[in-house]
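Trainee: Under numbering that gives the first Met the number 0, the residue at position 54 of the sequence shown is numbered 53, and the numbers go up by one with no gaps.
Yeah, the Cβ is synthetic: ideal placement off N, Cα and C, and Gly gets one too.
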Amino acid sequence: MSAAPFSSSVPLVIDTSAWARQRKPTVRQRWNATNEAGLLASCPAAALEIFQTARDESEFAGLQKALALLPQAPITVSVCRAALGAAGELRGSRRIPTIDYFIAAAAAECGFGVLHADRHFDLLATVLPFESARLPE
Numbered sequence: 000m001s002a003a004p005f006s007s008s009v010p011l012v013i014d015t016s017a018w019a020r021q022r023k024p025t026v027r028q029r030w031n032a033t034n035e036a037g038l039l040a041s042c043p044a045a046a047l048e049i050f051q052t053a054r055d056e057s058e059f060a061g062l063q064k065a066l067a068l069l070p071q072a073p074i075t076v077s078v079c080r081a082a083l084g085a086a087g088e089l090r091g092s093r094r095i096p097t098i099d100y101f102i103a104a105a106a107a108e109c110g111f112g113v114l115h116a117d118r119h120f121d122l123l124a125t126v127l128p129f130e131s132a133r134l135p136e
């Protein structure tokens with residue numbers, strides 16, 4: 000029996016929290032199904048975080064190549080405005096990493112979702128129009 004993708008219709012920008020958990024037994028099959036369905040995506044903000052996981056130049060180059068092959072959610076001026084707007088709507092009362100605002104806003108602008116394991120994205124999805132796809136614990 001094959002696993003269902005994490006999304007049935009929209010590409011999902013991979014957050015670092017998801018990237019770090021892709022090989023966990025509770026995640027692996029659905030991650031692979033999502034990838035096979037062409038529903039994994041990247042954005043420069045997320046890629047910068049993921050690049051930090053590289054242990055050497057060869058691994059960095061491999062990550063760079065793999066992420067470049069995915070659909071992209073670019074960081075644009077309107078994404079920056081949306082991220083700032085989301086921060087305003089949330090009144091700065093939550094400790095959401097700056098990079099997560101950009102990832103969520105970029106995903107929203109492209110009509111993508113975010114694949115993650117962070118509560119931050121569930122909260123961001125209340126003020127930005129994107130699908131929050133949370134990995135199982």
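Taking one C-beta from the segment 30 to 44 and one from the segment 5 to 15 each time, how about it: are there three or more such pairs within less than 8 Å?
Mentor: Result yes; three or more Cβ-Cβ pairs closer than 8 Å.
Trainee: Which whole-angstrom value is the C-beta distance of residue 104 and residue 85, which I expect to be below 8 Å?
Mentor: Counting from 1 along the sequence shown, the entry for residue 104 is found at position 105. Counting from 1 along the sequence shown, the entry for residue 85 is found at position 86. Indeed, because the Cβ distance is near 6 Å, the residues count as touching under 8 Å.
Trainee: Near residue 88, what residues of its chain come up, given a Cβ to Cβ distance below 8 Å and the 5 sequence neighbours on each side ignored?
Mentor: Translated into the one-based positions of the sequence shown, residue 88 becomes position 89. Once the five neighbours on either side are set aside, the close Cβ partners of residue 88 are 126.
Trainee: Within its chain, find whatever has a CB closer than 6 Å to the CB of residue 63; leave out the 5 residues flanking it on each side and keep chain order.
Mentor: Numbered from its first residue, the sequence shown carries residue 63 at position 64. If we look at residue 63 and ignore the five residues flanking it on each side, it has no Cβ neighbours.
Trainee: Alpha carbons only, please: which of 67, 79, 4 is nearest the one belonging to residue 34?
Mentor: The sequence position of residue 34 within the sequence shown is 35, counting from 1. Here the closest residue by C-alpha is 4.
Trainee: Could you tell me the distance, in whole angstroms, from the CA atom of residue 27 to the CA atom of residue 81?
Mentor: Against the sequence shown, residue 27 aligns to sequence position 28. Against the sequence shown, residue 81 aligns to sequence position 82. About 32 Å.
Trainee: Mind reading off the beta-carbon distance from residue 1 to residue 32? Whole number of angstroms is fine, and I expect it under 8 Å.
Mentor: For the purposes of this step, residue 1 is taken as the residue at position 2 of the sequence shown. For the purposes of this step, residue 32 is taken as the residue at position 33 of the sequence shown. That pair is a contact at about 6 Å.
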